[in-house]
Structures are given as structure tokens and as C-alpha cells.
Amino acid sequence: MRVLVVEDETRLAATLKDMLEMDGYTVDVRHDGESGLDEALSGIYDVCVLDVMLPKLDGFAVLRRLREAKSGLPVLLLTARSEVTDRVRGLDSGADYYLTKPFEPKELLACLRALTRRQPELRETGVMEYGDLKLEKNGFVLRCGERNLRLSKKEYDLMELFMLNRDVVLTKENILLKIWGYESGDENSVEVYISFLRRKLSHLRSGVRIRTIRMAGYCLEKGPEGE
Ligand code: CA
């Protein structure tokens with residue numbers, strides 16, 4: 002698994018490189034946005050850790066150009082605590098996830114695992130699995146054993162988002178931006194669609210639950226009867 006780290010703070014970049022290498026990743030580091038973008042477009046990486054404040058080209062510009070070039074490279078955006086609104090811009094321009102500095106190494110590794118594990122599965126087969134569930138992109142079908150249901154487009158997108166981010170808590174803001182985009186929708190829509198999905202999970206008699214985490218958001222979990 003090959004990671005590209007784009008971070009101009011050389012000490013942090015070196016720490017990240019050591020940490021990721023100890024976890025078994027192959028790591029390349031770039032210290033500015035321009036060379037970071039060149040590298041990211043090479044197609045050889047499985048995931049990119051991208052700082053926001055960078056010389057030459059900032060993280061948002063790098064991300065935007067990546068997506069304009071139709072690159073599906075999963076990106077984990079690093080933002081400073083003072084850049085809270087920047088998180089929003091980051092998600093809007095196509096980041097897969099963001100982490101606020103300073104972060105726990107464990108947190109970063111969990112995000113990278115979540116980002117790298119599921120995307121190839123979906124790209125190659127169009128099917129994702131979690132617990133007793135199978136989610137099929139073709140026809141937006143959700144299966145549990147012998148039972149299955151067709152989801153609406155929004156329900157599918159939401160379920161896919163949960164499955165892609167299985168180890169992390171998704172905030173309402175995060176969900177809203179990923180599914181509805183920056184301009185449309187409100188947090189009520191998120192609640193409504195979460196309740197639709199919960200009803201369908203219960204109809205399928207799946208052990209998988211969408212758990213509400215107070216003041217934080219939602220995450221997918223396998224119930225007692227799940228695997
Ligand atoms: Ca920086």
C-alpha cells in the first residue's frame with residue numbers, strides 16, 4: 002500500500018513517514034502543493050494525506066485539480082483547529098475525510114485503513130459487504146441473507162458513505178455535504194434519511210445498526226447477531 006504525504010512542516014512530515022512505514026505502508030513525501038499534485042496524478046498511490054496550508058498550491062487547489070483530472074485517489078485532508086470552516090471547503094472540493102491537527106496517530110491510521118480498504122472493493126465489483134449486509138451499486142439493492150430491498154438513490158449514497166467510513170463517526174455536517182452538497186439540504190434531511198435506512202435495516206432483520214453518537218454524529222455498527 003503506497004501513501005503520498007504532502008506536508009510542508011518537515012518534522013511532522015518525517016514523523017508521519019516513520020509512523021506509516023512502521024504500519025507497513027510505503028511512503029513518499031512532498032513538501033509543496035505543486036509537486037504534491039504532480040505525484041498524486043501519477044496514479045501509483047493508494048491514498049494521499051494532504052495538508053491544507055501548503056506553499057505554491059494549497060491543499061484545496063490540489064484536491065480540486067485532482068478531481069478535475071478525474072482522479073479517484075482517496076484523500077485525507079489535514080486541517081488546523083483554527084480552520085474549522087476550511088473543513089467544509091475541503092469536503093465540498095472532494096476530500097474523502099479530514100482530520101484536525103493535532104491528531105492521535107491511531108486516529109490517522111484508522112482513517113487510512115477505512116479509506117484504502119473499501120474503495121477498491123466497490124470499484125472492482127460494485128458490491129460492498131458489512132456484517133450480514135451486501136450493498137449492490139447496480140440497482141441500489143441492499144441484501145441481508147435471503148431478503149433484499151431496493152434503495153432510493155439518496156438512501157444508497159448514504160449507506161455507501163457509511164460503509165466506506167465504517168470505522169469513523171460521521172457528523173451530520175459531513176453527511177450533508179457528501180450527500181446533498183454544499184447548497185442544498187439541511188440537517189433534517191439527514192435525520193429523515195437515517196430513519197428511512199433504519200426502517201429498512203429492521204425490515205431486512207439485519208444485525209447492522211446505525212448508531213447515534215450524541216453531540217458527534219452517526220456510525221455503522223454490527224449488532225449482537227451480526228458477524
Ligand atoms: Ca502546512
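Taking this note's numbering, the leading residue of the sequence shown gets 2, the next gets one more, and so forth.
C-beta atoms are modelled at their ideal positions from N, C-alpha and C, and glycine is treated no differently.
- Where the beta strand (DSSP E) through glutamate 137 begins and ends: 134-137
- Spatial distance of asparagine 139 from lysine 154 (CA atoms): 11 Å
- Message: Assuming contact is defined by CB atoms lying nearer than 8 Å, are valine 30 and cysteine 49 in contact in what I supplied?
- Response: no
- Task: May I ask which residues mark the beginning and end of the beta strand (DSSP E) holding asparagine 149?
- Result: 148-151
- Ignoring anything shorter than 4 residues or poking outside the stretch 159-216, list the alpha helix (DSSP H) runs there in chain order. 173-176 and 188-204
- Message: Does the structure place the stretch 65-73 close enough to the stretch 129-137 that three or more beta carbon pairs sit under 8 Å?
- Response: no
- Item | Within 6 Å of ligand 1: residues by beta-carbon to any heavy atom | Asp9, Glu10, Asp52, Met54 and Leu55
- With a Cβ-Cβ cutoff of 8 Å, do cysteine 112 and valine 53 count as a contact? no
- So, lysine 57 versus aspartate 39, is the Cβ gap smaller than 8 Å? no
- Starting from valine 76, trace the beta strand (DSSP E) both ways and give me its first and last residue. 76-81
- Message: Taking its Cβ as the centre, do 16 or more other Cβ atoms sit within 10 Å of lysine 71, making it buried, or is it exposed?
- Response: exposed
- Message: Less than 8 Å between the beta carbons of arginine 210 and glycine 224, yes or no?
- Response: yes
- Message: Could you tell me the alpha carbon to alpha carbon distance between phenylalanine 163 and cysteine 220, rounded to whole angstroms?
- Response: 7 Å
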